[in-house]
Structure formats: structure tokens, C-alpha cells
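Residue numbers (our numbering), protein chains in the order written: chain A, 1 to 114; chain B, 1001 to 1106.
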Amino acid sequence: DAEITQSPRHKITETGRQVTLACHQTWNHNNMFWYRQDLGHGLRLIHYSYGVQDTNKGEVSDGYSVSRSNTEDLPLTLESAASSQTSVYFCASSDRTSGHNEQFFGPGTRLTVL
Amino acid sequence: KNEVEQSPQNLTAQEGEFITINCSYSVGISALHWLQQHPGGGIVSLFMLSSGKKKHGRLIATINIQEKHSSLHITASHPRDSAVYICAVIGNQFYFGTGTSLTVIP
């Protein structure tokens, strides 16, 4: 069955370190998204991609970067982790060609920055 | 500013009750998405709709584009419906509500 996975599921790191969160989908979806979820804010869009070599900034992109070298993967990099980036991160994908834009979510990565 | 507002924020119901969760938005949209997040954290899609009404089992979602309002109804609620329900709209970008936390008591 097609799926979307994230790794690691839990990560503890120190301030200033570079961290990369992986997202892999086997739906063959064109669109992929990264969100963070914090109490009181709901889901907020960090970066998104509509296809290979395409990346776009979302609402809260500062301190994060992504690259899309193939259809299946959209890794999220925190260049220099900050305590404010402690959060739960969700990756999602959708099939733009379907016209429905229904998103399928990964299980989430809980990141703690000490 | 909150482009998407949900109400109520928290809701407790007795098993079997009819439940309504509301979502209002202030931007032009092409579609609206209802999501369910269980205590374990996983998020699943319930409905994607751009007009009218959709039904899946005990869940019904409606949308009124003119009034910029959507409702999610749960008939004959059950403890397993306990979760956070999130409304999201797709305009020129994605906007998410902060969610409605539902607890259904046996």
C-alpha cells in the first residue's frame, strides 16, 4: 500500500546543530508539504513543493530549508536549531493532478531543541 | 489575524449525542478540508469539499460558500470519535483552524 513516512519519529538536539527530518511518500504525489504544530497555533505551513526542483516558502519558513531532488522525498533541514523550533513536524502530500488537493499526512516527528 | 475560526474550541458530549463543529473563514477558497487528529497524533483526512454536502458513515460535512462557513456533524457519537477536528481551507495558500477538541463520554 502507498504511504507517507517520516523519520525520525522523535529527535532531541542541541541549540545550533543542523537537523534534517526525512519525509518519504510512495503515492507518487506531485505536491509535498511541511507543517509544524504548536499549541494554540494549529498547523502552520513551513515549506512546500509542487514537483521536482520546485520549492516554496510557507508562513513560517525562517530557519528552515527544503530540497526536492525526486518525487518521493522532501527533507526538511533546520540549519541552526533554536529552542523556538521545538515542535511536532508533519509532512503531507497531495496529488495536484486529481484536482482535489486532499492531503495525506505522515505520522509526525516530535523535535526537541535543548 | 485568523483566516479560519473554529467553534467550539472544546466539546464534551455523551455517547449517542449529535455533534456539530463549525468553521468560518475569511478568504476566498477553492476547497475546504476537514481533518481528524487522534490522541496519538496522527492526522487523517475526513472530507474535502467545495460545495454542498458530503456524508461518510456517521459523519456529514456541509459548506456554504456564500456565507464562508462549514459544519461537521457527527451523528450517534461514540467514544472512539474523541479527537481533535481541524478545519483547513485552500485559497492562495493553506490556512488551518486551531482545532476543536471533542471528548465523547460513554
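Positions of the beta carbon are idealized from the N, C-alpha and C atoms, including for glycine.
Quick one: what's got a C-beta closer than 7 Å to residue i's C-beta in the same chain, skipping five residues either side?
i: residue 1029 of chain B; result: 1089, 1090 and 1091
i: residue 17 of chain A; result: 81
i: residue 1096 of chain B; result: 1004, 1086 and 1088
i: residue 100 of chain A; result: Low confidence applies here, because residue 100 of chain A scores a pLDDT of 49, under 50, leaving its location unreliable and the question unanswered by this model.
i: residue 1107 of chain B; result: Beyond the ends of chain B as shown, which are 1001 and 1106, falls residue 1107 of chain B; an answer cannot be given.
With the cut-off set at 7 Å, would you say residue i and residue j are in Cβ contact?
i: residue 20 of chain A; j: residue 75 of chain A; result: yes
i: residue 45 of chain A; j: residue 37 of chain A; result: no
i: residue 34 of chain A; j: residue 24 of chain A; result: no
i: residue 1045 of chain B; j: residue 3 of chain A; result: no
i: residue 1021 of chain B; j: residue 1072 of chain B; result: yes
i: residue 1076 of chain B; j: residue 1058 of chain B; result: yes
i: residue 1063 of chain B; j: residue 1019 of chain B; result: no
i: residue 86 of chain A; j: residue 113 of chain A; result: yes
Taking only three categories from DSSP, how would you classify residue i?
i: residue 53 of chain A; result: coil
i: residue 1081 of chain B; result: helix
i: residue 96 of chain A; result: helix
i: residue 18 of chain A; result: coil
Near residue i, what residues of its chain come up, given a Cβ to Cβ distance below 6 Å and the 5 sequence neighbours on each side ignored?
i: residue 65 of chain A; result: 77
i: residue 1054 of chain B; result: 1047 and 1061
i: residue 1005 of chain B; result: 1024
i: residue 27 of chain A; result: 2 and 93
i: residue 69 of chain A; result: none
Check the Cβ of residue i against every Cβ in chain B and list those closer than 8 Å, keeping chain order.
i: residue 41 of chain A; result: 1098
I want to verify the contact list: residues of chain A whose CB lies under 8 Å from the CB of residue i, in sequence order.
i: residue 1093 of chain B; result: 45, 58 and 59
Determine the chain B residues that contact residue i at a beta-carbon separation under 9 Å, and present them in chain order.
i: residue 66 of chain A; result: What residue 66 of chain A touches in chain B: nothing, since even the nearest Cβ is about 16 Å away.
Using a Cβ-Cβ cut-off of 8 Å (strictly less than) and excluding sequence neighbours within five positions of residue i, which residues of its own chain qualify?
i: residue 1079 of chain B; result: 1015, 1104, 1105 and 1106
Check the Cβ of residue i against every Cβ in chain A and list those closer than 7 Å, keeping chain order.
i: residue 1043 of chain B; result: 90 and 105
Name the chain A residues whose beta carbon is nearer than 9 Å to that of residue i?
i: residue 1086 of chain B; result: 42 and 43
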